[in-house]
Structure formats: structure tokens, C-alpha cells
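Protein chains in written order, with my numbering: chain A, 1 to 224; chain B, 225 to 448.
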DNA sequence: TCCCATTTTTAGACCAAACTAAATTTGACC
DNA sequence: GGTCAAATTTAGTTTGGTCTAAAAATGGGA
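Structure representation (C-alpha cells):
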């Protein structure tokens, strides 16, 4: 039983639901429509269609979640998206900020063989350029214990592991400050007033990040 | 004045017209519809739309040809298609026969920067895996003097330079016979009865090709 | 418990891109 | 030059995906 042939729009909706239901396990019509820049009524239509295909469970007025069949499709899309992002950054020299939009197109290319070859060509990477895990061909993801940078205390030394937003402006800001995935950071001060932090970046300088930026950064223990 | 945003269907039509009008400079409605597996009436509709956008010149009942603006778009699509084919074969290890269909999808990805980076990554190749020239970013193509293998005489030694068809079965046949681009071939016999040829492939064996196969092969003088 | 703002769905319309069937044009042949 | 088959266009329909506007459901606060 193949993932069947889905239209681009159907795929976009499945992926949106997957991402949005990450924490709460259900996604709302409005949240989906906002993410896809469409109207709520269009989303409702699509949900009915996807429900008929057995890809989502839609309880009207109460949100939607993926069936296991839908989850498989969504994870496969995420896999393709993150593999292509990795290719663009590592092989073609793109910066993080630029690749999201292109990968949005590339993730819809349908060829199992292409995905698997690309995966092998890149050396079966476990994480994409933003630190997000890349599902393997069976949909399994490598988990990694990360914690919010915002929770760190003064004096802690950690490594930047994950940026949980593909917002261009955020990525450009990090770039400007000399921060990249794997950067080793020492917390120099935490300001209670606004939640901002002063940091020292090894092989970089002293920087300050606002709480708004910090909320998207996750770290892991610094290497020895 | 950008190539403007075109739908996938519009792009497909432009490329079909480009390819079909290669020899005669005009393409017929039926030929286009056959190539795209649609009906003639659908093509007529599309031609009107493309004509309104100034991309084609359509004289009803008398065929269609690209305007210079349409030609630019078509050449850009050809460029993308052939660069992706090259990537798939040279980097991902695909065989010639498999890449056409995937490249048909990849050629519609819109990102100038992506195309140019891919081109550089591949070392600015002049020819794709089938021997077809790859237009550069300005649409210029590298010409190469090739002649039909079918015109060769007994005893001639030549090199396979171009296969002018992306038909799967043809490419698989060539593969089975041990022929690839660049193969050095000696003509051993030409059979007047059916136009078939007996050939010897250097670093291969003795093979026989039908006139039907030969008609798609083009050669250049053998290297010294 | 009732009310009302917010969210979501329904109803009806539009557009692009395809189709079928019918009408029209062309051009080759007698 | 007239005729007819093939090629092409026109007319009208369908499907998928979106929209706007109106109706319905939900759930928190008085």
C-alpha cells in the first residue's frame, strides 16, 4: 500500500498538520490556514478530502490529527525537505536562511530512488543544517537530549544544537552574530528584567540575545 | 523583465514547442498534444494563453512558434533539465535511462541561484549524459559537429556523441549492448537490406544495431 | 445558565486546466 | 475547381483548489 499519489496541496496540508500537532497532537483549522497562507474555509474543504482518503481524523470544530497513514506521508515529506536542505547547504554552499523556500519545492519531487540516493550521497546525515533530525526511510528519527538555551544559568558552557524556526530574519540575525550550529557558548549573564542573555561565543565575540531569539535556540552539553 | 511566473503546464508547453520546432521552426497542435499526452483542444487553449503573454506566435491552423521571449524561457528550462540530468548521473549514480522523468520534475524548480550553483558544482558541463548541449545562463549552446551513425561506411572508426531520444527502452538497449556516450566504435558491416549495421565496440564486443536504433545515434570523429 | 465573540463550517462562486463533441479550416487528390 | 479526410478550433462541461459571505457551533465570562 503506497502513500498513494497526492497533490501538492494535499501534501502541504499534511505537513502543516504534522508540524502544528507536534506539541498538542491536534491542529486547528485556523493555524493550518495561517501557515499555508490560505483561508480557513479552504482548509476545511481539504480536511474533508484528506479524511476521505484516510489520511487524517477530523472531528469538526475540534481540530484534526494525522492517522498513522498520514503520519507516514508527513514524515516522508519532512525527510525529503531536510535532506534537500542539507544538500543545499553542504554541497551547494547556501546559507541556512536561504534554503527553506527552495526545499519547500524540492520536497514534492516524487522518486523514492532519488531520496534514497541523495541520503546516501550525503552520508546518511542524522540532522539537517538547523539541527532538526532527519527521519530515515522508515520514518524513524534520531532523538537528542536538548534543552532551551533560555533555561541555562550564568557560567554554563553549552553547544548550540537546534534552531526551531525557519524564519529568515532570525537566521540572518544569528549569522550576523557569528552563531552557527555547533557553536560553543558560555553564558555570561542572565538579565531578569527582560530575559535577555549576554553570551560569549568561542571563536567569536561577546554578544547579547533577546528573550525572543533565545526562545528558538536549544543546546546540548558542550563537548569536552 | 523577468521570464515572469509561469505555471507548470505553461512551461511544459513552451518546452514541447521548443523541441518540436527544432527542425521545422514550427510545431503543430497535434504534435504538442501527443508529446504532452493531452488533447489537441487543450493545447489550442494553452496556445491562446501563451500568445496573449507574448511567448508564442500562433497562426491558427498553421502551427505555432516561440517568440524570442518564449525561446529564452524554453532554453532556461532545457538548461535546468540537462543540468539536473547531469547531477543525477554523475553524482547520484543513476543510469541514463532513469533520469529523464525525474529531471522533468526538477526542471520546474524556480530559483536562479540554485541553477547557477548547481552548474558551478558540476563544473559548468557543456553536455548532458545523452550528449545534448547544456545552454549556459545566457541561453548559448555549445555546438559540436556530429553526423548520423547510419551514414558511416564500413571500416570507419567513430565515437558515440549523442543519443537524440530519451526513450527508456532505447537507452536500456544501448546499455545492454555495452554502448555509452564516448564509446569508440568501428563499423564492420552495413547491410543494405534492412539498414542494420554490425559494429565492434572498443572495450566491448561485436554487436548489431537495427536501422531504427541507428537513426537516433550520432557520432563524431574518433579521438586519435 | 445564558450570551456573545471567536472559530469553524457551509453555500455558492471563480479560475485554471483538462476533457468531449461539434463545427470549421486546410490542403491533397480527382 | 470541387470534395473530403485530417487537423484544428470552438463551445460547453468537469475537476481541483481557492475565495467571500453567511450560517452554525463552541466555550469562557457575566
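Ideal placement from N, C-alpha and C gives every residue a C-beta, glycine not left out.
Compare the C-alpha of residue 195/A against each of 21/A, 210/A, 71/A and 222/A and name the closest.
210/A
Beta carbon proximity, residue 225/A to chain B, threshold 8 angstroms:
Since the displayed chain A opens at 1 and closes at 224, residue 225/A lies outside it and no answer follows.
Going by CA-CA distance only, name the one from 444/B, 240/B, 244/B and 324/B that's closest to residue 393/B.
324/B
Chain-ordered residues of the segment 314-335 of chain B with a beta carbon less than 9 angstroms from chain A:
315, 316, 317, 318, 322, 325, 326, 329, 330, 332, 333, 334 and 335
Have a look at residue 225/B and residue 296/B and give me their C-alpha separation to the nearest angstrom.
Low confidence applies here, because residue 225/B scores a pLDDT of 42, under 50, leaving its location unreliable; read the following figure in that light. Distance between the alpha carbons of residue 225/B and residue 296/B is about 12 angstroms.
By a C-beta neighbour count over all protein chains shown, 10 Å radius and 16 as the cutoff for buried, is residue 144/A buried or exposed?
exposed
State yes or no: is the beta carbon of residue 342/B nearer than 8 angstroms to at least one beta carbon in chain A?
yes
Under the rule that 16 or more other beta-carbon atoms within 10 Å means buried, what is residue 304/B, buried or exposed?
buried
Do the CB positions of residue 219/A and residue 111/A come within less than 8 angstroms of each other?
no
In chain B, what lies closer than 8 angstroms to residue 6/A by C-beta?
Those do not exist, as residue 6/A stays about 14 angstroms from chain B at its closest Cβ, beyond 8 angstroms.
Just verifying my parser: in three-state terms, what is the DSSP assignment at residue 41/A?
helix
Between the segment 177-197 of chain A and the segment 148-159 of chain A, can you find at least three pairs of beta-carbon atoms closer than 8 angstroms?
yes
I believe residue 216/A touches residue 176/A by the beta-carbon criterion, under 8 angstroms. Please report the beta-carbon distance rounded to the nearest angstrom.
Not confirmed; about 15 angstroms, so no contact.
Any idea if residue 398/B is buried or exposed, counting beta-carbon neighbours within 10 angstroms, 16 or more meaning buried?
With 16 or more other Cβ atoms within 10 Å, it is buried.
Taking only the alpha-carbon atoms, compute the straight-line gap between residue 271/B and residue 365/B and give it to the nearest angstrom.
Computed Cα separation, rounded: 26 angstroms.
Checking 8 angstroms against the spacing of the C-beta atoms, do residue 171/A and residue 103/A come in under that value?
no
When the Cα atoms are used, what is the spatial distance from residue 74/A to residue 276/B?
39 angstroms
Rounded to whole angstroms, what is the Cα-Cα separation between residue 390/B and residue 19/A?
Looking at the two C-alpha atoms, the distance is approximately 39 angstroms.
Near residue 307/B, which residues of its chain fall below 8 angstroms by C-beta distance, leaving aside the five closest residues on each side in sequence?
339, 342, 343, 346, 349, 352 and 358
Helix, strand or coil for residue 136/A per DSSP?
coil
Residue span of the beta strand (DSSP E) that contains residue 365/B, given as start and end:
Element bounds for residue 365/B: n/a, residue is neither H nor E.
Alpha carbon to alpha carbon, how far is residue 278/B from residue 293/B?
Looking at the two C-alpha atoms, the distance is approximately 7 angstroms.
Identify the contact partners of residue 121/A in chain B, using a Cβ-Cβ distance below 7 angstroms as the criterion.
315 and 316
Going by the CB atoms, is the gap between residue 50/A and residue 10/A shorter than 8 angstroms?
Contact flag set, yes.
Nearest-angstrom Cβ-Cβ length linking residue 331/B and residue 290/B, presumed shorter than 8 angstroms
Not quite, the Cβ-Cβ distance comes to about 17 angstroms (not below 8 angstroms), so this is no contact.
So what does residue 430/B bridge to, in DSSP terms?
424/B
Three-state secondary structure (DSSP) of residue 100/A:
helix
Does the Cβ-Cβ distance between residue 287/B and residue 261/B come in under 8 angstroms?
At a Cβ-Cβ threshold of 8 angstroms, residue 287/B and residue 261/B do not count as neighbours.
List the residues of chain A whose Cβ lies closer than 7 angstroms to the Cβ of residue 307/B, in chain order.
What residue 307/B touches in chain A: nothing, since even the nearest Cβ is about 12 angstroms away.
Return no unless some Cβ of chain B is closer than 8 angstroms to the Cβ of residue 162/A.
no
Starting from the beta carbon of residue 77/A, find every residue of chain B whose beta carbon is closer than 9 angstroms, and list them in chain order.
Listed along chain B, no residue sits closer than 9 angstroms to residue 77/A by beta-carbon distance, the nearest being about 15 angstroms off.
Report the rounded CA-to-CA distance for residue 221/A versus residue 32/A, giving the unit in angstroms.
35 angstroms
Which residues of chain A have a Cβ atom closer than 7 angstroms to the Cβ of residue 338/B, listed in chain order?
102
Which residues in the same chain as residue 280/B place their Cβ atom closer than 7 angstroms to its Cβ, once the five residues preceding and following it in sequence are excluded?
241, 271, 274, 288, 289, 290, 291 and 294
Cβ atoms of residue 403/B and residue 355/B: under 8 angstroms apart, would you say?
Judged by their CB atoms, residue 355/B and residue 403/B are not nearer to each other than the 8 angstroms cut-off.
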